[in-house]
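S.K.: One structure, pasted below without further comment.
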Amino acid sequence: MTEKQQEKISRREQILQALAQMLECNPGQRITTAGLAREVGVSEAALYRHFPSKARMFEGLIGFIEDTLFSRINLIIGSDASGVRQCEQILTLLLAFVEKNPGMARILTGDALAGETERLRIRVNQLFERLETQLKQIMREAELREGLRTQIPVSSCANLLLATAEGRIHQFVRSEFKRRPTENWPEQWPRLAEGLFRRQQAA
């Protein structure tokens with residue numbers, strides 16, 4: 507890679523980091539390219555040399571979220587942990603990620619995407635659908651491997667778990683990042699798991 511290519515990638519990353527920082531520091535406010543250019547210290551024209559539109563900048567952040575979450579989820583599902591433990595690890599990963607990256611929480615709730623192109627919201631929806639599918643797959647495999655059963659249909663169980671995590675992310679955004687997503691989670695997860703999972707009795 508040439509020095510010029512490295513410089514271009516570095517500038518792209520700088521722009522995305524600045525956008526994430528502005529989302530975190532200006533809760534509830536819409537980000538403008540003029541404001542972002544000031545934050546980065548370049549002209550708006552310079553921004554558009556790296557990203558053809560603001561939507562592409564948001565897509566860059568959504569791509570970062572996807573890569574970060576699913577690379578770690580692949581490690582979780584490749585481990586020897588039980589199905590219940592894997593579900594817990596995935597949800598905890600999601601909550602800890604948004605707690606560490608408040609600007610990303612605004613993207614995941616759609617708060618930062620108000621007034622932006624519809625394809626961004628569709629992509630975030632697809633991310634959550636992918637998470638839900640992963641939870642369902644873990645539960646189905648755990649039933650075969652461990653005799654683990656869900657008290658309600660697997661699809662309903664996965665939806666309830668993800669909705670719980672999403673609700674905590676919404677609380678985080680609504681409180682302007684004061685109410686941490688992981689707050690009380692260690693006490694709440696065992697109660698959730700106890701109500702949703704049971705092991706088949708040996709014949």
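Sequential numbering of the sequence shown, starting at 507, is according to my numbering.
Note that beta-carbon positions come from the ideal geometry of N, C-alpha and C, so glycine has one too.
From a predicted model like this one, the values you see are computed outputs, not experimental measurements.
1) Use the C-beta contact count for residue 639: other C-beta atoms within 10 angstroms, 16 or more gives buried, fewer gives exposed.
2) Quick check on the DSSP output: what are the complete beta strand (DSSP E) runs of length 3 or more inside the stretch 595-682, in order along the chain?
3) Which parts of the stretch 513-570 are runs of the alpha helix (DSSP H), unbroken and 4 residues or longer, counting only runs that do not cross its ends?
4) If we ignore side chains and look at the alpha-carbon of each, how far apart do residue 709 and residue 586 end up?
5) How many angstroms separate the CA atom of residue 605 from the CA atom of residue 625?
6) Report buried or exposed for residue 642, applying the criterion of at least 16 other Cβ atoms within 10 angstroms of its Cβ.
7) Might you give, ordered along the chain, the residues of its own chain that have their beta carbon closer than 6 Å to the beta carbon of residue 560, omitting 5 neighbours on each side?
8) So for residue 705, helix, strand or coil by DSSP?
9) Suppose the cutoff is 6 Å on Cβ atoms and the five residues either side in sequence are ignored; what does the same chain contact list for residue 578 look like?
10) In angstroms with no decimal places, state the Cα-to-Cα distance between residue 532 and residue 704.
11) Quick test of the definition: if touching needs 3 or more C-beta pairs under 8 Å, does the stretch 643-662 touch the stretch 561-581?
12) Is residue 615 closer than 8 Å to residue 568 when the C-beta atoms are compared?
13) Taking its Cβ as the centre, do 16 or more other Cβ atoms sit within 10 Å of residue 696, making it buried, or is it exposed?
14) DSSP on residue 580, reduced to helix/strand/coil?
15) Evaluate residue 522 with the Cβ neighbour count: other Cβ atoms within 10 Å of its Cβ, from every protein chain shown; 16 or more gives buried, anything less gives exposed.
16) Check the C-beta distance from residue 612 over to residue 529 and give it rounded, since I have them as a contact under 8 Å.
17) By the three-class DSSP mapping on this structure, what secondary structure does residue 591 have?
18) Given that a residue counts as buried once 16 or more other Cβ atoms are within 10 Å of its Cβ, and exposed if not, what is residue 694?
M.R.: Per the coordinate set shown:
1) On the sequence shown, position 133 is the one that residue 639 refers to. So residue 639 counts as exposed.
2) 654-656
3) 539-546, 550-556
4) By one-based count along the sequence shown, residue 709 stands at place 203. By one-based count along the sequence shown, residue 586 stands at place 80. Residue confidence is low: residue 709 scores 39 on pLDDT, short of 50, so the model does not pin down where it sits. Its coordinate-derived value is still stated next. Each residue's alpha carbon lies about 25 Å from the other.
5) As a position in the sequence shown, residue 605 is number 99, starting the count at 1. As a position in the sequence shown, residue 625 is number 119, starting the count at 1. Computed Cα separation, rounded: 25 Å.
6) Locating residue 642 in the sequence shown gives position 136, counting from the first residue. It counts as buried.
7) On the sequence shown, position 54 is the one that residue 560 refers to. Within the same chain, and ignoring the five residues on either side of residue 560 in sequence, the residues whose Cβ sits closer than 6 Å to its Cβ are 539.
8) Residue 705 sits at position 199 when you count from the first residue of the sequence shown. Strand at residue 705.
9) As a first step, residue 578 is located in the sequence shown; it is residue number 72 there, counting from the start. 599.
10) Locating residue 532 in the sequence shown gives position 26, where the first residue counts as 1. Locating residue 704 in the sequence shown gives position 198, where the first residue counts as 1. Cα to Cα, the separation comes out at about 44 Å.
11) no
12) Numbered from 1 along the sequence shown, position 62 holds the residue referred to as residue 568. Numbered from 1 along the sequence shown, position 109 holds the residue referred to as residue 615. Not a contact, by the Cβ cut-off of 8 Å.
13) Position 190 of the sequence shown, counting from 1, holds the residue named residue 696. Under this definition residue 696 is an exposed residue.
14) Numbered from 1 along the sequence shown, position 74 holds the residue referred to as residue 580. Note: residue 580 maps to helix in three-state DSSP.
15) As a first step, residue 522 is located in the sequence shown; it is residue number 16 there, counting from the start. Here residue 522 is buried. Its C-beta has 16 or more other C-beta atoms within 10 Å.
16) In the sequence shown, the residue the question calls residue 612 occupies position 106. In the sequence shown, the residue the question calls residue 529 occupies position 23. Between residue 529 and residue 612 the Cβ distance is about 5 Å, and since that is below 8 Å, they are a contact.
17) Taking the first residue of the sequence shown as 1, we reach residue 591 at position 85. Correct three-state label for residue 591: helix.
18) Position 188 of the sequence shown, counting from 1, holds the residue named residue 694. It is exposed - the Cβ of residue 694 has fewer than 16 other Cβ atoms within 10 Å.
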